[in-house]
Amino acid sequence: MASIKKEQYAIAPGSRVLVTGANGFIGSHVVQQLLSLGYVVRGTVRSQKPWLDELFRSKYGPNSFESVVIPDLSNYDTLSKAMRDVSGVIHVLDANGMTVDTWNEATVKAAFDEGTPADAKPFTVYVASKTEGERAAWKWVKNNKPPFVFNAILPYYTVSERMGQALMSLYNSSRAYQWSLNKI
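Residue 137 in full-length UniProt numbering is what sits at position 137 of the sequence shown, and the numbering runs on without skipping anything.
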């Protein structure tokens, strides 16, 4: 990994950064990296995750991380409260499209198809939700022309240690389904 001097960071270490989806596989690793660089992190979760606060606070200190419950990111009031006193936002979005105009339509259709095998349904719905989420984000950018740059990072495959016991079951079920797809 390239080394960048802290003086060159766009946001100074010690600043507060909001990370959406902080309890997800990728989101938890983004939080870990930010904390290791000296940032203070506020992470959004859809429901209480006490283990997440304990995990990061035990490693980086009692004031390093806080989670805030936001069941619906489209709720303006709740989201604006979470964004108070933050210097940056990292919205973790793992979509399966390749470009703005290329979408994983097969998975979106499979998510609603009664013929999709029951054991494949959770992962299929998860992937379809990521595809639809990214599509909505790009549409919003096109319609609103915000004064910031929007980037979508689309990892094909992610491998790393799991953060916290609660992430293990989601990770294992997702990986098992990916494994079965690779055998086809």
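Cβ coordinates follow ideal geometry from the N, Cα and C atoms, glycine included.
Report all residues from its chain with a CB closer than 8 Å to the CB of residue i; omit the five preceding and five following residues, and keep chain order.
{"i": "residue 73", "result": "20, 44 and 79"}
What residues in its chain sit with their C-beta under 6 Å from that of residue i, if we drop five residues either side in the sequence?
{"i": "residue 150", "result": "141"}
{"i": "residue 116", "result": "110 and 124"}
{"i": "residue 12", "result": "none"}
Taking residue i as the reference, give the member of the options with the closest Cα.
{"i": "residue 40", "options": "129, 24, 30 and 137", "result": "30"}
{"i": "residue 75", "options": "105, 130 and 46", "result": "46"}
{"i": "residue 70", "options": "57, 56, 48 and 52", "result": "48"}
{"i": "residue 90", "options": "148, 122 and 7", "result": "148"}
Does residue i pass the burial test, meaning 16 or more other C-beta atoms within 10 Å, or should it be called exposed?
{"i": "residue 32", "result": "buried"}
{"i": "residue 128", "result": "buried"}
{"i": "residue 22", "result": "buried"}
{"i": "residue 134", "result": "buried"}
{"i": "residue 104", "result": "buried"}
Going by beta carbon distance, what residues of the same chain come within less than 7 Å of residue i, once the five residues before and after it are set aside?
{"i": "residue 233", "result": "Residue 233 lies beyond the stretch modelled for the chain, which goes from 1 to 184, so this question has no answer here."}
{"i": "residue 106", "result": "none"}
{"i": "residue 92", "result": "19, 20, 21, 24, 26, 27 and 30"}
{"i": "residue 57", "result": "64 and 65"}
{"i": "residue 100", "result": "Since pLDDT at residue 100 reaches only 48, below the 50 mark, its modelled position is unreliable, and the value read off the structure follows with that caveat. Within the same chain, residue 100 has close Cβ partners 138."}
ask   = Touch check for the region 52-62 and the region 79-93: three-plus C-beta pairs under 8 Å?
value = no
key: Entirely enclosed alpha helix (DSSP H) segments - the region 4-83, minimum 4 residues   = 25-36, 50-60 and 76-82
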